[in-house]
Ligand SMILES: Nc1ncnc2c1ncn2[C@@H]1O[C@H](COP(=O)(O)OP(=O)(O)OP(=O)(O)O)[C@@H](O)[C@H]1O
Ligand SMILES: [Mg+2]
């Protein structure tokens, strides 16, 4: 397990997510989407992690939705660099939701819940059928027609799933999403009547977006369908807190700390790696 440092400097960004969740998702029953961007190691995943943890502990949220649980209502998926398998993310997201629901079902042993799950079992099969047709080179218009129907079904499934409690869909490394999943994602984001909840996308800006993905996100942003949250470098001084938390106080001089800040490039992820290396080297010497 990597060492987890105290969460620094991101109050404003965390508040932005919490505020949108409280005032737009919970109170207005909407689906709100965020694109969290920033360079490698700047703290995108950590921000999402802190936000997801806070949905259970934040009293303003808990009084409204006491049943909301990260382990049941948040789905996290990480796109892989070389995976171009169409719809893979959404197939796995659906499977994850089913697994979460099963656990919940055993827990509650509720007949009503079982009934509410019945009509949604085959949307993954439908996606798989489209994948087969893509691979056998079926005409585009045939594929399009099937996509429209299946996307509507996916949306319906999410709507049903979020009938009583909102769902939070988090997709990491979205810069690597395949073009077919991107279309489904776009449908979910731009649909006025989408499910109840939040879509949080994490984009590593150091890895360049392919042009289709970039165009889609900038259009969604211009149409105010998605909010952008660009993470800035951490302020000078964060390196002292991180180093003193992991090592010991006053181990370095002011000049050394300044040098360390420069090496970290203002990214906690880069600094965390430097500290890990340093501790490893100390252990070996
Ligand atoms: N605000 C913060 N305060 C303290 N530590 C942080 C903060 N943000 C991130 N970290 C730590 O820095 C490391 C890298 O953070 P994280 O994985 O969130 O970066 P990332 O931007 O998601 O990276 P990637 O581009 O690889 O996905 C983790 O160990 C994390 O706990
Ligand atoms: Mg990350």
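Residue numbers (the numbering used here): 1 to 285. Cβ coordinates follow ideal geometry from the N, Cα and C atoms, glycine included.
Check, Outcome
"Whether residue 9 touches residue 234 by CB criterion (7 angstroms)", "yes"
"C-beta contact flag for residue 39 and residue 206 at 7 angstroms", "yes"
"Short Cβ contact (7 angstroms threshold) for residue 218 with residue 196", "no"
"Contained alpha helix (DSSP H) runs [length at least 4] in the stretch 27-79, N- to C-terminal order", "44-57, 59-64, 70-73"
"Ligand 2 heavy atom lying under 6 angstroms from the CB of residue 211", "no"
"Within 7 angstroms, strictly: CB atoms of residue 75 and residue 93", "yes"
"Residues bridged to residue 169 (per DSSP)", "75, 199"
"Buried versus exposed call for residue 262 [16 or more other C-beta atoms within 10 Å across all chains shown]", "exposed"
"Simplified DSSP state of residue 149, which is helix, strand or coil", "helix"
"Per DSSP, the bridge partner or partners of residue 184", "According to DSSP, residue 184 bridges with nothing at all."
"Per-residue burial, residue 281 [other beta carbons within 10 Å of its own, 16 or more giving buried]", "exposed"
"Residue nearest to residue 80 in terms of C-alpha spacing, selected from 61, 210, 55, 176", "176"
"Start-end ranges of the alpha helix (DSSP H) lying completely within the stretch 187-265, minimum 4 residues", "211-222, 238-246, 254-264"
"Of the residues 273, 3, 179, 60, the one placed nearest residue 27, counting alpha carbons only", "60"
"Supposed contact pair residue 5 and residue 245 - C-beta distance, whole angstroms, cut 8 angstroms", "6 angstroms"
"Residue 44 beta carbon near ligand 2 (any heavy atom closer than 6 angstroms)", "yes"
"beta-carbon residue 145 near ligand 1 non-hydrogen atom, thresh 6 angstroms", "no"
"Nearest-angstrom beta carbon gap, residue 124 and residue 133 [assumed within contact, 8 angstroms]", "15 angstroms between Cβ atoms; not a contact."
"Stretch-stretch touch, CB-based, cutoff 8 angstroms, three pairs: the stretch 12-28 with the stretch 141-160", "no"
"Integer-rounded CB distance, given that residue 227 should sit under 8 angstroms from residue 33", "7 angstroms"
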